[in-house]
Every structure is written in C-alpha cells, then in structure tokens.
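Participant: Our numbering puts the first residue of the sequence shown at -13, with every later residue one more than the last.
Each residue gets a CB set at the ideal place from its N, CA and C atoms; glycine is no exception.
Below are the structure tokens for one structure; questions will follow.
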Amino acid sequence: MQNHASRSIFDYWLNIKGDRIAPLRTQVDPSALRHLLPDLFIIAKSNTGAPTFRLAGTRLCDLFDRELKDQSFGYLFSGSNATDGADLARKVLEYETPALLELVLTEFRKDQPYEMLLLPLWSTEFDGCDRVLGSLMPVMPGQPRPRSPLPGFRLRDWTFLTGSDAHFGVPLTADKADQPNTRRTPQPMVARTT
-13 MQNHASRSIF
-3 DYWLNIKGDR
7 IAPLRTQVDP
17 SALRHLLPDL
27 FIIAKSNTGA
37 PTFRLAGTRL
47 CDLFDRELKD
57 QSFGYLFSGS
67 NATDGADLAR
77 KVLEYETPAL
87 LELVLTEFRK
97 DQPYEMLLLP
107 LWSTEFDGCD
117 RVLGSLMPVM
127 PGQPRPRSPL
137 PGFRLRDWTF
147 LTGSDAHFGV
157 PLTADKADQP
167 NTRRTPQPMV
177 ARTT
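Listed below in structure tokens is the structure:
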C-alpha cells in the first residue's frame, strides 16, 4: 500500500476483526473513519449476484458525477476491466480475504495511479461474507482532481492481502497467484518482491 490513508483503513479493519475472518458490518463505526468517509464505499451482491454499491462516499460519487448507490461495481472500470473489477469483488466475497487493487486513470495522455482496498464484511455471524468495505484513493496525496465524469479506471494489478499485524509500515504478504482454495480458510501467501 502506498497511500497512508489506505493503510489506516486496513489497520482499522484488522483491529475490529480481531481473531475473526472478517468483522461484522455492525462493528464498523463511521465516526472512527469520519475523515475518510468521502473515499469509502460498501458493495454487496445484488439479486443477480453482481456486486452493487450499497453506499458510496461523496468524493467517489463526485468523480463519476453521479450517485453510485445501486450501480454495478463494474461501472468504475473502463472496457473489459469492468468484468475484471466485478470478478475481484466476487473473489473477496467468496474467499473472505481482503484485496488491494492498483488502478490507473489516463487523462490527457498522463497516467494517474490509484489504489483500491476491498475488505470483506459479514452482515451476521451466521451468513458469512456478503458485503465489502472499500476505499478508492490516489496513490499520491495532492494529485490533481481528474475531470468529471471519469471514463473509468484500468486495472493494472491486484493482490490478496494477509497478515494479522496492524500499523503502517508492517510488511504485508500477498500474491495473486496463490488464491485461497477453500472458503473461510485462506492459505498463507508469499510476499511479493518489488
């Protein structure tokens, strides 16, 4: 994670989940994240199984120049990336494992990097993961605001995130090649080297 705010959200998620696979939706306290609310969203499966926005922060809605509630999650992505983005959200729900997406917005022939966190949530203790808490932030704070509405993001890369320690700077382990192979039992991931 390159954005400090993204790491703060991940740390918060780790802290509230404790020893559980994922926290309950009711454990998320908006006041604890109040300065980040404009960049946060919650998605859930629709009746058709497609990941759909349940709510979206004001900054995210402003980027797309519209309210995103009830909009398909794939709407954020351009072209064939729409299917890839929706598939990744489904994997987070299925494997109950958080993911970090590296996104690119190309504007005026210049790439602007963004990162997105997808963090699994449970609505009840008995139903398993049915929602995702997410964030979308520019990699570089102070990055110029893109024009609205956006044409959509391109997916550059993604990883599952594992690790139990919080605090910014603690290494995470992640690797998209080692997807968890069973529900509720994520396998150890190999650290990606850069």
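Exposed or buried, Gly4, counting other C-beta atoms within 10 Å across all chains shown (16 or more means buried)?
Facilitator: With fewer than 16 other Cβ atoms within 10 Å, it is exposed.
Participant: Checking 7 Å against the spacing of the C-beta atoms, do Leu103 and Gly114 come in under that value?
Facilitator: No.
Participant: What did DSSP end up calling Lys96 once you bin it into helix, strand or coil?
Facilitator: In this structure, Lys96 counts as strand in the three-state DSSP scheme.
Participant: Report yes or no: do three or more beta-carbon pairs, one from the stretch -8 to -1 and one from the stretch 15 to 23, lie closer than 8 Å?
Facilitator: Result yes; three or more Cβ-Cβ pairs closer than 8 Å.
Participant: Within this structure, are the beta carbons of Val90 and Arg45 separated by less than 7 Å?
Facilitator: No, these two residues do not count as a Cβ contact at 7 Å.
Participant: Please list, in chain order, all residues of the same chain as Pro37 whose beta carbon is under 8 Å from its beta carbon, the five residues on each side excluded.
Facilitator: Once the five neighbours on either side are set aside, the close Cβ partners of Pro37 are Ile29, Ala30, Lys31, Ser58, Phe59, Gly60, Ala72, Ala75, Arg76, Leu79 and Val118.
Participant: Just curious, the alpha helix (DSSP H) that Gly71 is in, first and last residue?
Facilitator: Note, Gly71: alpha helix (DSSP H), Asn67 to Tyr81.
Participant: Do you know how far the Cα of Gly138 is from the Cα of Leu54?
Facilitator: Rounded to the nearest angstrom, the two C-alpha atoms are 13 Å apart.
Participant: Could you check how far apart the C-beta atoms of Ser(-8) and Glu101 are, in whole angstroms? I think they sit under 8 Å.
Facilitator: Rounded, the Cβ-Cβ distance is 6 Å, consistent with contact.
Participant: Classify Phe27: buried if its beta carbon has 16 or more other beta carbons within 10 angstroms, exposed otherwise.
Facilitator: Looking at its Cβ environment, which holds 16 or more other Cβ atoms inside 10 Å, Phe27 is buried.
Participant: For the beta strand (DSSP E) that contains Asp143, what are its first and last residues?
Facilitator: Its beta strand (DSSP E) spans residues Arg140 to Phe146.
Participant: Going by DSSP, which residues form a beta bridge with Leu86?
Facilitator: In DSSP, Leu86 forms a bridge with Leu103 and Thr145.
Participant: Can you grab the Cα-Cα spacing for the pair Lys96 / Pro132, in whole Å?
Facilitator: Between Lys96 and Pro132, the C-alpha separation is close to 11 Å.
Participant: Which residues in the same chain have their Cβ closer than 7 Å to the Cβ of Gln(-12), if we skip the five residues on either side of it in sequence?
Facilitator: Once the five neighbours on either side are set aside, the close Cβ partners of Gln(-12) are Glu101 and Val125.
Participant: May I ask you to list the residues that DSSP assigns as paired with Leu46?
Facilitator: Beta-bridge pairing links Leu46 to no other residue.
Participant: Just the C-alpha distance for Ser66 and Ser(-6), rounded to the nearest angstrom, thanks.
Facilitator: Those two C-alpha atoms are separated by around 31 Å.
Participant: Can you give me the start and stop residues for the alpha helix (DSSP H) that Leu54 sits inside?
Facilitator: Here Leu54 belongs to no alpha helix (DSSP H), and DSSP marks it neither H nor E.
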